[in-house]
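**Student:** Residue numbers (this note's numbering): 1 to 161.
Glycine included, each C-beta is placed from N, C-alpha and C at the ideal position.
None of the values given here were measured: they were computed from a predicted structure.
Right, I'll just put the structure down here and ask away after.
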Amino acid sequence: MGASLMAAAMGIGQVSQAIAQPAPPTEPVPVRQPMTVISDVQEANSIAGIVTARGNVQVDYPARMLKATAAQAQYFSNERRLVMSGDVFVLQDGNSLRAETVTYYVDEGRSIALPLPNRQVESVYLVLDTTTPTVLPSSSGPAGGLPAAPAVPSLFAPTAP
């Protein structure tokens, strides 16, 4: 038997082809990220998967560069949904949101903000002005300017209706 015929019979040619093939893309591995909630009182219901925080609530979620304050917050772990109510203020990457109630969908990176009756929701966005390029002084980054911020799913990202 010739060398190539013998290699084929032993499957050696197939192994070398398999090695040459690129690996199929893999799904990203979920990583647990901390969401810190500080408040005067907290209650947890492990059966329902709900944590309720009341009184001077502070939420810190560094994975999404999000900080918030409210009178009350409830985290629904099964739905991965955070509902904050009572003079809610959210700060994310320099953008801010003020409302009576804010529902934040963690996996979707979106929110719904509702005001008190006869009031309005207020949001302030940092908007890049491309008509007047400005380089902020800094010793790091390209051309002495500040480096670009990392892409983070934003509470303020527009969503489809």
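1) For residue 162, list the residues DSSP reports as bridge partners.
2) Mind checking whether residue 115 and residue 124 have CB atoms under 7 Å apart?
3) In the structure shown, what three-state DSSP assignment does residue 119 receive?
4) Between the beta-carbon of residue 52 and the beta-carbon of residue 74, is there less than 7 Å?
5) Is there contact between the segment 36–54 and the segment 95–108, where contact requires at least three CB pairs shorter than 8 Å?
6) Would residue 46 be called buried (16 or more neighbouring beta carbons within 10 Å of its own) or exposed?
**Tutor:** The structure says:
1) The structure shown has nothing for residue 162, since the chain only spans 1 to 161.
2) The residue you call residue 115 lines up with position 115 of the sequence shown. The residue you call residue 124 lines up with position 124 of the sequence shown. Judged by beta-carbon spacing, residue 124 lies beyond the 7 Å limit of residue 115, meaning their Cβ atoms are not closer than that value.
3) The residue labelled residue 119 in the question sits at position 119 within the sequence shown. Looking at residue 119 - three-state DSSP - the assignment turns out to be coil, as it is neither helix nor strand.
4) What you label residue 52 is simply residue 52 of the sequence shown in a count that begins at 1. What you label residue 74 is simply residue 74 of the sequence shown in a count that begins at 1. Yes, they are a contact pair.
5) The answer is no - the segment 95–108 does not touch the segment 36–54, with fewer than three Cβ pairs under 8 Å.
6) Position 46 of the sequence shown, counting from 1, holds the residue named residue 46. By the neighbour-count rule (16 or more Cβ atoms within 10 Å), residue 46 is not buried but exposed.
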